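**Student:** Sequences listed follow chains A and B, in order. Quick note: the first sequence uses this note's numbering, first residue -6, plus one each step. Quick note: the second sequence uses this note's numbering, first residue 170, plus one each step. In this text, a Cβ means the ideal position worked out from N, Cα and C, and glycines have one as well. All values derive from a computational prediction rather than experimental measurement. Have a look at the structure that comes next, please.
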Amino acid sequence: MSAASFLRALLEARLAPTGRAWLDAAVGELAAGVAPVRGSALFSQASRHARRVPLAPTAQQCAEAGRILEGWNPERWNVLEAMRVTLLLARRDLAADSGVQALTELFRYADEGELCALLRSLALLPAPERFVWRAGEGCRSNMRSVFEAAALDTPYPARHFDDLAWRQCAIKCLFVGAPLWRLWALDTRLSDELARMALDLAEERRSAGRPVPPELWLCLGTYGGARGLAALERELASANPNALGRRAAVLALARAAQRERFAALECANEPALRDVLSRVRAGETSAPTFRHLEPA
Amino acid sequence: MRFFDPHIHVTSRTTDDLERMAAAGVRAIIEPAFWVGQPRTTAGAFVDYFASLLGWERFRSAQFGIAHYCAIGLNSKEANNEPLAREVLELLPHFVLKEGVVAVGEIGFDEITAAEERAYVAQVELARDNDMVVMVHSPHRDKKRGIARSLDIARELGLPMAKLVIDHNNEETVKGTLDAGAWAAFTIYPHTKMGSERMVEIVKQFGPERVIVDSSADWGVSDPLAVPRTAKLMLERGLSAAVVASVTWQNALDAYGQSGQIDVEGLLAKPTIDQRQLFADNSVLRGQDPRVEAPVPN
Ligand SMILES: [Zn+2]
């Protein structure tokens, strides 16, 4: 199944009959080719036919999306975004210069909702590496919705960002409070440099008397070294009121393959840490495990 | 009370103003595109300006619990730079159909030149073809004739009068505007145009129907609290709460709600603030703790 037909099927049950009719007509028009200003109008007018309500795909549908494109997860898309991406994918010239020009035009005039849809579409386009500057611009935004559309639940950063852009993207998640575990394939691109940046940030926060984002510890992997272990021990201290931070530190110790330290924690069997201990024991140590750690 | 200020240029106002507006009960605003105090020289400057009305300014207001809508258009002053005006008119279809754009505006006449008329005609046609509301700025000089011309052209082009808001009315122009079937908006400026006292008398004389009060606060001497202040004076001078609510909330909602771009239910719900949201490379927070989910005091 193509991404376009997958999205169209998802929209079937989520649009009013008039919305479906408008979408099908617009898809037909775009497939036949339209002037740029008309393409822009259709993209804007989608907001008259679909609302910004959660798309709410089922777990099976999310899995299906992941089969269409590994790393794509429409779990947090909204209906309007799904409609707009369906419109984009209707174009027949996406691989050609005219398709790039049409996208450039849409980016130039995009409002916030349109920008999110455009960024979410990038990984689904042919030769997505053509749009790496656009994706980087999206990650430079501090508006959370725009940043997350570029960075999270998409294979784009892991597949196409250079090392610098990738590390900025990961650390930026911590700055804007975006869920880092949703940065697809984080664990495949951990590095000494990313761990250093994360540890610097942790120290900066502690010096300022501000809390350390719990997901920061996901950036260490096996690259934290002695400095990382010391920082994790400090996070783990029972006096630390940040319960989620403590659980994340346990996960990070496991990810750093600190088997003896982990065994000692198992022996202590502290109630607040039981859940994360049992997950690690079951082999759940990838970054997305963080999702299941109970919030503080 | 809650207020709708359907004409304010908050891009020129500080966060102190936004805080005071929210505290005074201003819950929704419309920011029409206008000139910026001096003429722009490139179409790109308009692109960025329109984008800021749809983006950063909407976000900034939301951080103070104020719903921000906008009107997009080429203003009358800059319509006189015809080569640039042609470029901007070509750009408008990219912006007027976007979410939260409640009108084409503010457009109309300044010196009542032929170039201004050409830009006005093109934009009324654009609004008509897209079933949109039009917000008309009326001129400071020769106001009566400017308003008459704005009404006549809109009527000739087939724009329903219910979709036409004429702004900056005064005692001399209100009758003509209302008789034409358009909405009559009044800008309360501290020193010029129309003060709160005069506004009270106008509502007493003409009633609240299709009458709208706004601040048009901008980068000049102006008052972002003009709407709540005028409402207070109206109540003190014996106008009923229902009448005051019409001219400071409901009429604006009815006029611009015709765009289908205002989430009325959302507006009626108690607004809350979430200052954690960031936009572009700025946040209005500079290190202070965000006020999250704090109810707005209105
Ligand atoms: Zn104005």
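Scan the region 38 to 52 of chain A for residues whose Cβ lies nearer than 9 Å to a Cβ of chain B and list them as they occur along the chain.
**Tutor:** Listed by position, the residues of the region 38 to 52 of chain A near chain B (Cβ gap below 9 Å) are Q38, S40, R41, R45.
**Student:** So, for A212 (chain B): in the same chain, excluding its five sequence neighbours on each side, which residues have a beta-carbon less than 7 Å away from its beta-carbon?
**Tutor:** If we look at A212 (chain B) and ignore the five residues flanking it on each side, its Cβ neighbours are L253, E256, V257, L260.
**Student:** Between L187 (chain B) and F233 (chain B), what straight-line distance do the alpha-carbon atoms span, to the nearest angstrom?
**Tutor:** Computed Cα separation, rounded: 6 Å.
**Student:** Taking 7 Å as the line, does the beta carbon of D136 (chain B) fall inside it for any heavy atom of ligand 1?
**Tutor:** Chain B is shown from 170 up to 467; residue 136 (chain B) falls before or after that span and cannot be answered.
**Student:** So is V30 (chain A) in contact with chain B if we call contact Cβ pairs under 8 Å?
**Tutor:** Closer than 8 Å to some Cβ of chain B, the Cβ of V30 (chain A) qualifies, so yes.
**Student:** Nearest to I381 (chain B) by alpha carbon, out of B:D185, B:I335, B:F203, B:L243?
**Tutor:** It is B:I335.
**Student:** Please indicate yes or no: does the CB of D387 (chain B) lie closer than 7 Å to some heavy atom of ligand 1?
**Tutor:** Yes - ligand 1 has a heavy atom lying nearer than 7 Å to the Cβ of D387 (chain B).
**Student:** Between which two residues does the alpha helix (DSSP H) carrying M304 (chain B) extend?
**Tutor:** Where M304 (chain B) is concerned, there is no enclosing alpha helix (DSSP H), although the beta strand (DSSP E) it sits in stretches over 302 to 306.
**Student:** When you compare only the Cα positions, how much space is there between P464 (chain B) and A438 (chain B)?
**Tutor:** Summary for P464 (chain B): the model assigns pLDDT 49, below 50, so the residue's position carries little reliability; its value from the coordinates is reported in the next sentence. Roughly 11 Å between the two C-alpha positions.
**Student:** Rounded to the nearest angstrom, how far is the Cβ of F198 (chain B) from that of G242 (chain B), given a contact under 8 Å?
**Tutor:** Strictly speaking, residue 198 (chain B) in this sequence is Ile, with Phe absent from that position. At roughly 17 Å, the Cβ-Cβ gap does not stay under 8 Å, so I198 (chain B) and G242 (chain B) are not in contact.
**Student:** How many angstroms separate the CA atom of K313 (chain B) from the CA atom of E286 (chain B)?
**Tutor:** Their backbone Cα atoms lie some 16 Å apart in a straight line.
**Student:** Any beta carbon of chain A sitting closer than 8 Å to that of G350 (chain B)?
**Tutor:** False, the Cβ-Cβ gap to chain A never drops below 8 Å.
**Student:** For P201 (chain B), return the contacting residues in chain A, with the cut-off set at a CB-CB distance below 9 Å.
**Tutor:** Those do not exist, as P201 (chain B) stays about 17 Å from chain A at its closest Cβ, beyond 9 Å.
**Student:** Beta carbons nearer than 7 Å to chain A: which residues of the region 267 to 300 of chain B have them?
**Tutor:** Here the close residues are K267, E268.
**Student:** In whole angstroms, give me the CA-to-CA distance for A296 (chain B) and V30 (chain A).
**Tutor:** Their backbone Cα atoms lie some 16 Å apart in a straight line.
**Student:** The beta strand (DSSP E) spanning G277 (chain B) covers which residue range?
**Tutor:** Taken as a continuous stretch (DSSP letters only), the beta strand (DSSP E) holding G277 (chain B) covers 270 to 277.
**Student:** Thinking C-beta only, is R171 (chain B) closer than 8 Å to G206 (chain B)?
**Tutor:** Cβ distance not < 8 Å, so G206 (chain B) and R171 (chain B) don't count as in contact.
**Student:** Using 8 Å as the limit for Cβ to Cβ distance, is G105 (chain A) near chain B?
**Tutor:** Note that residue 105 (chain A) is Glu in the sequence shown, not Gly. Yes, because at least one Cβ of chain B sits closer than 8 Å to the Cβ of E105 (chain A).
**Student:** For L223 (chain B), would you say it is in contact with chain A, using Cβ-to-Cβ distances shorter than 8 Å as the test?
**Tutor:** Yes, L223 (chain B) lies at the interface with chain A (some Cβ there is under 8 Å from its Cβ).
**Student:** For A214 (chain B) and E208 (chain A), what's the separation of their Cα atoms in angstroms?
**Tutor:** Distance between the alpha carbons of A214 (chain B) and E208 (chain A) is about 40 Å.
**Student:** I want to know whether the region 151 to 159 of chain A touches the region 254 to 264 of chain A - three or more CB-CB distances under 8 Å.
**Tutor:** Judged by Cβ distances under 8 Å, the region 151 to 159 of chain A makes no contact with the region 254 to 264 of chain A, as fewer than three pairs qualify.
**Student:** With H, G and I counted as helix, E and B as strand and the rest as coil, what does DSSP make of D450 (chain B)?
**Tutor:** With a pLDDT of 39 at D450 (chain B), under the threshold of 50, the modelled position of this residue cannot be trusted, and the question is left open.
**Student:** Hey, how far is the Cα of E130 (chain A) from the Cα of F(-1) (chain A)?
**Tutor:** The straight-line gap from Cα to Cα measures roughly 28 Å.
**Student:** Using a Cβ cut-off of 8 Å, which residues of the region 423 to 435 of chain B contact any Cβ in chain A, in chain order?
**Tutor:** Result list: G429.
**Student:** Among residues of its own chain, excluding the 5 on either side of R267 (chain A), which ones have a beta-carbon nearer than 6 Å to its beta-carbon?
**Tutor:** Counting only Cβ-Cβ distances below 6 Å, and skipping sequence neighbours, we find nothing.
**Student:** For N233 (chain A), which residues in the same chain have their Cβ closer than 7 Å to its Cβ, ignoring the five residues on either side in sequence?
**Tutor:** If we look at N233 (chain A) and ignore the five residues flanking it on each side, its Cβ neighbours are R239.
**Student:** Nearest to R7 (chain A) by CA position, among A:I164, A:R220, A:L229, A:E74, is which residue?
**Tutor:** When each option's Cα is compared against that of R7 (chain A), the closest is A:E74.
**Student:** Below 7 Å, is the gap between the Cβ of E259 (chain B) and the nearest heavy atom of ligand 1?
**Tutor:** No, the Cβ of E259 (chain B) stays beyond 7 Å of every heavy atom of ligand 1.
**Student:** Where R182 (chain B) and N66 (chain A) are concerned, what is the direct C-alpha to C-alpha distance, given to the nearest angstrom?
**Tutor:** About 41 Å.
**Student:** Could you name the residues of chain A that F228 (chain B) contacts, counting a contact when the two beta carbons are closer than 9 Å?
**Tutor:** Here the neighbours are E105, M136.
**Student:** Which residue comes first and which comes last in the beta strand (DSSP E) that contains F172 (chain B)?
**Tutor:** F172 (chain B) -> beta strand (DSSP E) spans 172 to 174.
**Student:** Below 8 Å CB to CB, which residues in the same chain sit around S307 (chain B) once its five sequence neighbours on both sides are set aside?
**Tutor:** G277, F278, G315, I316, S319, I335, D336, H337, N338, T342.
**Student:** Using a C-beta to C-beta distance shorter than 8 Å, which residues of chain B count as neighbours of S33 (chain A)?
**Tutor:** P262, H263, listed in chain order.
**Student:** Would you report the Cα separation of D387 (chain B) and G269 (chain B), rounded to the nearest angstrom?
**Tutor:** C-alpha separation (whole angstroms): 20 Å.
**Student:** Nearest-angstrom Cα distance between F203 (chain B) and H237 (chain B)?
**Tutor:** Straight-line Cα distance between these residues: approximately 16 Å.
**Student:** Can you give me the Cβ contacts of D392 (chain B) inside the same chain, cut-off strictly under 8 Å, excluding the 5 residues immediately before and after it?
**Tutor:** So the list reads I357, Y358, P359, S384, A386, R398, once near-sequence residues are dropped.
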